[in-house]
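Residue numbers (the numbering used here), protein chains in the order written: chain R, 19 to 154; chain W, 19 to 154; chain U, 19 to 154; chain P, 19 to 154.
All C-beta atoms, glycine included, are put in the ideal place defined by N, C-alpha and C.
Down below is the structure, laid out as structure tokens.
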């Protein structure tokens, strides 16, 4: 499990004053960027720009239980739920950092693709290793 | 079924040149805003600001099959899958407008809440009626 | 002068309930996309993806006089203030559509560049013509 | 001068692969949030939510000289240029962290307002003090 904390930004909220739900997926994407930095020097940018590998999300599921507001900090615990050949599934538990209030449980399946051909490829070894290290 | 078309904007893409997946949920939110305008004069803004009713998404699920790029137009077909007492579930079929390529199938469950108490309330009658009219 | 109307979206506001000021520049960018569509079949996407021409904003200035909220519609009047050899300056007057309340006066200078070399190029003729037609 | 570093995120770029210019103003807003945290325990959120004070940007100017891409980190040096009675002006020098390449020079004038009446108020003392400490 890797834990990432991220304050709610001034503009992350919607007209009801709470974080607009798609923004949580952006937070999760930042958590994944953090995870990759643990094993890849320049992280996701290196994967995309130098290796020409993409990590598109192909399936998503989630429940939102409590809202976050400006002034709150999201605590995102990311762990690997499944590792396949050409895709993997991550689980994100989002809580409010100040008191542990459950905010969202999200699950995303990410494919590994060759950005030039847009075809699936085997999960690169370094990405696989960091996923193994963070299995639930 | 209500159909909404939305061009991909210049800034909707990510570093791999395709629409960043959370942005599809923003498109779906715009489609829901369109749906509400069919029965409520000032639409979602009236619901939120005048009636103090919120429509938070509490559950989401989806599959992303093909990417969209700048220059594409998303065609979002929205239909009601389930109407409960204090929540309803919508289904969004996203295709590429130019050729019907399937892009994403998304499902979102939306609660109706009193924004002041943040407690669930019965689905207002006008919202229920537009949902009934767009059942799958 | 070309006029573009754009409702404030549910998520365009910040924690004080008004449109976050950088979002106005995104609205202006949409207005520019509209302007290009008047003379170029596939608009800005064609310019970027097929002609490999970029239109980066190199200078910006603006005053914000009144806020917009969810439920408001921005009315953006775009006109050409100056046409140079390799750049042009646009002026955007933003008002609230319902009553004409002045919201913002923005000015942006846009360069025309070759995206491959990233060097300035002469303004293409079709872009120059639509700019001429919308001089203040 | 206060310095804030911020990696370019996966979704911060536009269809030409560089940071979309309005996003730089969002980075500057984050830098201002950082500055306020130096003197106010809960920072901007405390100012907005507890004191009901808003800090709307009322004037902006800027030059963009070089683009940033995914994989770059923005280094934002923020300093106070002018302190008035009910507004202040900040200057943001944005460079690429890896090599100091000049990216943008931005200037923003921020008003202090009572969020309930939306009228200008005197700059609160703690905000004034942190502005004084970071004069150019």
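Sequence-distant Cβ neighbours of residue 21(W) in its own chain, meaning closer than 6 Å and more than five residues away, are 95. Residues 84, 113 of the same chain have their beta carbon placed closer than 8 Å to that of residue 119(U), with the five preceding and five following residues left out of the count.
Pairwise C-beta distances place the stretch 88-108 of chain R out of contact with the stretch 125-143 of chain P, as fewer than three of them are shorter than 8 Å.
Against chain W, the beta carbon of residue 28(U) has neighbours under 7 Å at 47, 51, 62, listed in chain order. In this structure residue 152(P) is in contact with residue 97(P), their Cβ atoms being roughly 5 Å apart against a cut-off of 8 Å. The C-beta distance from residue 44(P) to residue 88(R) rounds to 14 Å, too long to fall under 8 Å, and the pair is not in contact. Between the C-alpha atoms of residue 31(W) and residue 143(P) there is a straight-line separation of about 42 Å. Boundaries of the alpha helix (DSSP H) around residue 50(R): 39-55. Straight through space, the alpha carbons of residue 130(P) and residue 54(P) are spaced by roughly 13 Å. Spatial neighbours of residue 111(P) in its own chain (CB-CB distance under 7 Å, excluding positions within 5 residues in sequence) are listed in chain order as 95, 123. For residue 35(P), a Cβ of chain W is located within less than 8 Å of the residue's own Cβ. Contact annotation: residue 56(P) and residue 65(P) have beta-carbon atoms that are not nearer than 8 Å.
Take the alpha-carbon of residue 23(P) and the one of residue 24(R): they are about 15 Å apart. Residue state for residue 118(P) is assigned as coil, using DSSP reduced to three classes. Close to residue 38(U), with beta-carbon spacing below 9 Å, are these residues of chain R in chain order: 28, 29. When the Cα atoms are used, residue 35(P) and residue 35(W) turn out to be separated by approximately 7 Å. Judged by DSSP in its simplified three-state form, residue 147(R) adopts helix. At the C-beta level, residue 93(U) and residue 154(U) stay beyond 8 Å of one another.
Residue 26(P) sits in coil when the DSSP states are folded into three classes, being neither helix nor strand. DSSP places residue 33(P) in the coil class of the three-state scheme, outside both helix and strand.
By the beta-carbon neighbour count (other beta carbons within 10 angstroms, threshold 16), residue 27(U) is buried.
The beta carbon of residue 129(W) sits no closer than 8 Å to any beta carbon of chain U. Residue 72(U) carries a strand assignment under DSSP once its states are collapsed to helix, strand and coil. Distance from residue 76(W) to residue 82(R) at the Cβ level is roughly 5 Å; contact confirmed, criterion being Cβ atoms closer than 8 Å.
Around the beta carbon of residue 47(U), 16 or more other beta carbons lie within 10 angstroms, which makes this residue buried. DSSP places residue 89(U) in the coil class of the three-state scheme, outside both helix and strand.
Under DSSP, residue 142(U) forms no beta bridge with any residue. By the Cβ-count criterion, residue 134(R) is exposed, with fewer than 16 other Cβ atoms from all chains shown falling within 10 Å of its own Cβ.
For residue 82(W), no CB of chain P lies under 8 Å from its own CB, so it is not counted at the interface with that chain.
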